[in-house]
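Notes for the one structure printed next.
In this note's numbering, the protein residues as written are 605 to 865.
Structure follows, in C-alpha coordinates:
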(Lines of atoms letter the chains of each structure in order from A; the text may use other names.)
(Lines give C-alpha, C1' and ligand atoms only; values in the text may rest on other atoms or scores of the structure.)
Protein backbone atom coordinates (compact mmCIF):
# COMPACT_ATOMS: atom_id res chain seq x y z
CA UNK A 605 0.00 0.00 0.00
CA UNK A 606 1.17 3.52 -0.82
CA UNK A 607 1.69 4.87 2.71
CA UNK A 608 4.34 7.45 1.86
CA UNK A 609 4.11 10.73 3.76
CA UNK A 610 6.04 13.98 3.98
CA UNK A 611 6.25 16.34 6.94
CA UNK A 612 5.14 19.95 6.69
CA UNK A 613 8.02 20.71 9.08
CA UNK A 614 10.34 20.44 6.07
CA UNK A 615 8.47 23.22 4.26
CA UNK A 616 8.89 25.93 6.91
CA UNK A 617 8.23 28.88 6.67
CA UNK A 618 5.27 28.20 4.38
CA UNK A 619 1.78 28.36 5.84
CA UNK A 620 0.78 24.81 6.71
CA UNK A 621 -2.12 24.55 4.26
CA UNK A 622 0.15 25.75 1.44
CA UNK A 623 2.72 23.13 2.47
CA UNK A 624 0.06 20.42 2.37
CA UNK A 625 -0.90 21.46 -1.15
CA UNK A 626 2.69 21.16 -2.36
CA UNK A 627 3.03 17.76 -0.71
CA UNK A 628 -0.06 16.50 -2.50
CA UNK A 629 1.08 17.90 -5.84
CA UNK A 630 4.37 15.99 -5.50
CA UNK A 631 2.47 12.69 -5.41
CA UNK A 632 2.10 12.06 -1.69
CA UNK A 633 -1.30 10.88 -0.46
CA UNK A 634 -0.35 11.44 3.17
CA UNK A 635 1.38 14.09 5.25
CA UNK A 636 2.56 14.64 8.78
CA UNK A 637 1.44 17.99 10.10
CA UNK A 638 3.83 20.03 12.21
CA UNK A 639 1.70 22.94 13.45
CA UNK A 640 3.70 26.17 13.37
CA UNK A 641 1.18 28.47 15.08
CA UNK A 642 -1.77 28.29 17.44
CA UNK A 643 -4.00 28.98 14.44
CA UNK A 644 -2.90 25.62 12.99
CA UNK A 645 -4.79 23.86 15.80
CA UNK A 646 -8.18 25.42 15.06
CA UNK A 647 -11.27 24.09 13.31
CA UNK A 648 -10.76 26.74 10.65
CA UNK A 649 -7.35 25.31 9.84
CA UNK A 650 -8.71 21.76 9.88
CA UNK A 651 -11.18 22.78 7.17
CA UNK A 652 -8.32 24.17 5.08
CA UNK A 653 -6.26 21.01 5.58
CA UNK A 654 -9.12 18.77 4.49
CA UNK A 655 -9.65 20.85 1.35
CA UNK A 656 -6.05 20.25 0.22
CA UNK A 657 -6.94 16.63 -0.45
CA UNK A 658 -3.90 15.17 1.31
CA UNK A 659 -4.66 12.90 4.29
CA UNK A 660 -3.06 13.86 7.60
CA UNK A 661 -1.65 10.54 8.77
CA UNK A 662 0.13 11.94 11.83
CA UNK A 663 0.67 15.15 13.76
CA UNK A 664 3.89 16.19 15.47
CA UNK A 665 3.42 17.97 18.79
CA UNK A 666 4.62 21.43 17.73
CA UNK A 667 8.26 22.14 18.47
CA UNK A 668 7.29 25.79 18.91
CA UNK A 669 5.04 24.79 21.83
CA UNK A 670 7.32 22.25 23.54
CA UNK A 671 7.55 24.52 26.60
CA UNK A 672 3.85 23.81 27.22
CA UNK A 673 4.48 20.06 27.55
CA UNK A 674 7.96 19.79 29.03
CA UNK A 675 7.38 22.23 31.88
CA UNK A 676 7.46 22.01 35.66
CA UNK A 677 5.53 25.26 36.06
CA UNK A 678 1.98 24.76 37.39
CA UNK A 679 0.23 27.48 35.38
CA UNK A 680 2.04 26.63 32.16
CA UNK A 681 1.11 22.99 32.74
CA UNK A 682 -2.55 24.00 32.96
CA UNK A 683 -2.20 25.94 29.71
CA UNK A 684 -0.50 22.89 28.24
CA UNK A 685 -3.40 20.67 29.26
CA UNK A 686 -5.81 22.92 27.39
CA UNK A 687 -3.50 22.84 24.39
CA UNK A 688 -3.29 19.04 24.66
CA UNK A 689 -7.07 18.83 24.38
CA UNK A 690 -6.98 21.01 21.28
CA UNK A 691 -4.26 19.05 19.52
CA UNK A 692 -5.85 15.67 20.23
CA UNK A 693 -9.14 17.10 19.01
CA UNK A 694 -7.34 18.12 15.82
CA UNK A 695 -6.05 14.56 15.47
CA UNK A 696 -9.57 13.18 15.64
CA UNK A 697 -10.95 15.86 13.32
CA UNK A 698 -8.34 15.09 10.65
CA UNK A 699 -8.23 11.35 11.27
CA UNK A 700 -4.56 11.42 12.26
CA UNK A 701 -3.63 8.06 13.75
CA UNK A 702 -0.42 9.13 15.48
CA UNK A 703 0.73 12.06 17.62
CA UNK A 704 4.51 12.40 17.89
CA UNK A 705 6.34 13.54 21.03
CA UNK A 706 9.89 13.25 22.39
CA UNK A 707 11.19 11.89 25.68
CA UNK A 708 11.77 14.66 28.19
CA UNK A 709 15.37 15.66 28.77
CA UNK A 710 16.17 14.75 32.38
CA UNK A 711 17.01 17.69 34.66
CA UNK A 712 20.26 17.70 36.59
CA UNK A 713 20.22 14.83 39.09
CA UNK A 714 20.38 17.25 42.01
CA UNK A 715 16.96 18.70 41.11
CA UNK A 716 15.42 15.81 39.20
CA UNK A 717 13.01 14.81 41.97
CA UNK A 718 11.63 18.35 42.02
CA UNK A 719 11.50 19.18 38.31
CA UNK A 720 10.77 15.93 36.48
CA UNK A 721 7.52 14.58 38.04
CA UNK A 722 5.37 17.48 36.76
CA UNK A 723 6.71 16.93 33.24
CA UNK A 724 5.90 13.23 33.40
CA UNK A 725 2.39 14.08 34.59
CA UNK A 726 1.96 16.35 31.57
CA UNK A 727 2.99 13.55 29.21
CA UNK A 728 0.63 11.12 30.94
CA UNK A 729 -2.19 13.66 30.66
CA UNK A 730 -1.59 13.86 26.91
CA UNK A 731 -1.32 10.07 26.64
CA UNK A 732 -4.63 9.64 28.47
CA UNK A 733 -6.32 11.98 26.00
CA UNK A 734 -4.81 10.03 23.11
CA UNK A 735 -6.06 6.75 24.52
CA UNK A 736 -9.57 8.10 25.01
CA UNK A 737 -9.61 9.22 21.36
CA UNK A 738 -7.96 6.20 19.70
CA UNK A 739 -4.77 8.09 18.86
CA UNK A 740 -1.37 6.47 19.40
CA UNK A 741 1.28 8.60 21.12
CA UNK A 742 4.57 7.86 19.36
CA UNK A 743 7.65 8.41 21.51
CA UNK A 744 10.52 9.40 19.23
CA UNK A 745 14.11 8.42 19.93
CA UNK A 746 16.43 11.28 20.79
CA UNK A 747 20.22 11.69 21.05
CA UNK A 748 19.59 13.51 24.33
CA UNK A 749 18.33 11.86 27.47
CA UNK A 750 16.86 8.40 27.89
CA UNK A 751 15.96 7.71 24.26
CA UNK A 752 19.48 7.47 22.83
CA UNK A 753 19.47 3.71 22.28
CA UNK A 754 16.78 1.24 21.43
CA UNK A 755 16.99 -0.29 24.87
CA UNK A 756 16.94 3.15 26.47
CA UNK A 757 13.84 4.20 24.55
CA UNK A 758 11.99 1.02 25.53
CA UNK A 759 13.01 1.49 29.17
CA UNK A 760 11.77 5.08 29.09
CA UNK A 761 8.43 3.97 27.65
CA UNK A 762 8.16 1.22 30.26
CA UNK A 763 8.52 3.87 32.98
CA UNK A 764 4.98 4.92 32.04
CA UNK A 765 3.81 1.58 33.48
CA UNK A 766 2.51 0.08 30.28
CA UNK A 767 0.39 3.05 29.26
CA UNK A 768 -1.74 1.70 26.40
CA UNK A 769 -1.37 4.80 24.22
CA UNK A 770 2.45 5.10 24.24
CA UNK A 771 4.51 3.34 21.55
CA UNK A 772 8.07 3.62 20.21
CA UNK A 773 8.98 5.28 16.95
CA UNK A 774 12.29 5.77 15.14
CA UNK A 775 13.88 8.83 13.57
CA UNK A 776 16.79 7.64 11.44
CA UNK A 777 18.86 10.82 11.80
CA UNK A 778 18.37 10.93 15.57
CA UNK A 779 19.62 7.35 15.75
CA UNK A 780 22.76 8.29 13.83
CA UNK A 781 23.35 11.32 16.06
CA UNK A 782 23.44 8.95 19.03
CA UNK A 783 25.91 6.68 17.16
CA UNK A 784 23.27 4.01 16.60
CA UNK A 785 22.57 2.00 13.45
CA UNK A 786 19.04 2.96 12.34
CA UNK A 787 18.32 -0.55 11.05
CA UNK A 788 19.33 -2.16 14.34
CA UNK A 789 17.35 0.48 16.24
CA UNK A 790 14.28 -0.47 14.23
CA UNK A 791 14.74 -4.16 14.93
CA UNK A 792 15.10 -3.48 18.65
CA UNK A 793 12.12 -1.21 19.28
CA UNK A 794 9.69 -2.33 16.51
CA UNK A 795 8.36 1.19 15.84
CA UNK A 796 4.79 2.08 14.96
CA UNK A 797 5.92 5.25 13.18
CA UNK A 798 8.96 6.57 11.33
CA UNK A 799 10.77 9.79 10.54
CA UNK A 800 13.06 9.14 7.59
CA UNK A 801 15.98 11.42 6.75
CA UNK A 802 19.67 10.98 6.05
CA UNK A 803 22.89 11.71 7.89
CA UNK A 804 26.50 12.22 6.82
CA UNK A 805 29.55 13.78 8.49
CA UNK A 806 27.46 15.52 11.16
CA UNK A 807 25.07 16.85 8.51
CA UNK A 808 21.70 15.84 9.88
CA UNK A 809 18.19 15.51 8.50
CA UNK A 810 19.44 15.39 4.92
CA UNK A 811 16.89 14.29 2.32
CA UNK A 812 16.73 10.49 2.42
CA UNK A 813 19.17 9.02 -0.08
CA UNK A 814 21.65 11.90 0.12
CA UNK A 815 23.70 10.73 3.09
CA UNK A 816 25.45 7.63 4.37
CA UNK A 817 22.52 5.63 5.82
CA UNK A 818 22.19 2.16 4.32
CA UNK A 819 18.59 2.32 3.16
CA UNK A 820 18.53 -1.28 2.00
CA UNK A 821 19.30 -2.31 5.58
CA UNK A 822 16.55 -0.01 6.85
CA UNK A 823 14.07 -1.53 4.41
CA UNK A 824 15.14 -5.04 5.41
CA UNK A 825 14.68 -4.22 9.11
CA UNK A 826 11.21 -2.85 8.45
CA UNK A 827 10.30 -5.96 6.51
CA UNK A 828 11.63 -8.15 9.30
CA UNK A 829 9.38 -6.52 11.91
CA UNK A 830 6.45 -6.46 9.45
CA UNK A 831 6.13 -2.70 9.72
CA UNK A 832 2.68 -1.51 8.66
CA UNK A 833 2.86 2.21 9.45
CA UNK A 834 3.56 5.24 7.31
CA UNK A 835 6.90 5.96 5.67
CA UNK A 836 7.18 9.58 6.73
CA UNK A 837 9.97 11.70 5.29
CA UNK A 838 11.11 14.41 7.71
CA UNK A 839 14.19 16.21 6.36
CA UNK A 840 15.30 19.65 7.45
CA UNK A 841 13.53 22.61 5.89
CA UNK A 842 16.95 24.02 4.92
CA UNK A 843 17.05 21.67 1.95
CA UNK A 844 13.65 22.75 0.63
CA UNK A 845 13.89 26.52 0.64
CA UNK A 846 14.74 26.49 -3.08
CA UNK A 847 13.42 24.44 -6.00
CA UNK A 848 10.83 23.11 -3.56
CA UNK A 849 8.46 21.39 -5.97
CA UNK A 850 11.18 19.42 -7.77
CA UNK A 851 12.83 18.40 -4.50
CA UNK A 852 9.51 17.18 -3.17
CA UNK A 853 9.03 15.06 -6.27
CA UNK A 854 12.55 13.66 -5.84
CA UNK A 855 11.67 12.76 -2.25
CA UNK A 856 8.52 10.96 -3.37
CA UNK A 857 10.40 9.06 -6.07
CA UNK A 858 13.08 8.00 -3.59
CA UNK A 859 10.75 6.51 -0.99
CA UNK A 860 8.49 4.89 -3.59
CA UNK A 861 11.43 3.28 -5.38
CA UNK A 862 13.02 2.15 -2.10
CA UNK A 863 9.93 0.45 -0.73
CA UNK A 864 8.55 -0.96 -3.97
CA UNK A 865 11.81 -2.19 -5.53
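Beta carbons are placed, not taken as given, at the ideal position from N, Cα and C, and that holds for glycine.
Span separating the alpha-carbon of residue i from that of residue j
i           : j           : result
residue 856 : residue 833 : 17 angstroms
residue 690 : residue 645 : 7 angstroms
residue 719 : residue 756 : 21 angstroms
residue 865 : residue 730 : 39 angstroms
residue 707 : residue 697 : 26 angstroms
residue 736 : residue 693 : 11 angstroms
residue 764 : residue 732 : 11 angstroms
residue 826 : residue 779 : 15 angstroms
residue 790 : residue 627 : 26 angstroms
For residue i: DSSP bridge partner residues
i           : result
residue 772 : 743
residue 836 : 609
residue 635 : 610, 660
residue 802 : 810
Test item: CB-CB of residue i and residue j under 9 angstroms
i           : j           : result
residue 727 : residue 705 : yes
residue 668 : residue 680 : no
residue 795 : residue 817 : no
residue 661 : residue 836 : yes
residue 702 : residue 773 : yes
residue 768 : residue 822 : no
residue 848 : residue 812 : no
residue 854 : residue 614 : no
residue 852 : residue 632 : yes
residue 623 : residue 612 : yes
residue 743 : residue 749 : no
residue 809 : residue 840 : yes
residue 753 : residue 712 : no
residue 608 : residue 634 : yes
residue 739 : residue 695 : yes
residue 741 : residue 792 : no
Status (buried if at least 16 other CB within 10 Å, exposed otherwise) for residue i
i           : result
residue 677 : exposed
residue 770 : buried
residue 802 : buried
residue 666 : buried
residue 664 : buried
residue 642 : exposed
residue 636 : buried
residue 799 : buried
Backbone secondary structure at residue i - three-state DSSP
i           : result
residue 680 : helix
residue 704 : strand
residue 618 : coil
residue 760 : helix
residue 815 : coil
residue 715 : helix
residue 865 : coil
residue 668 : helix
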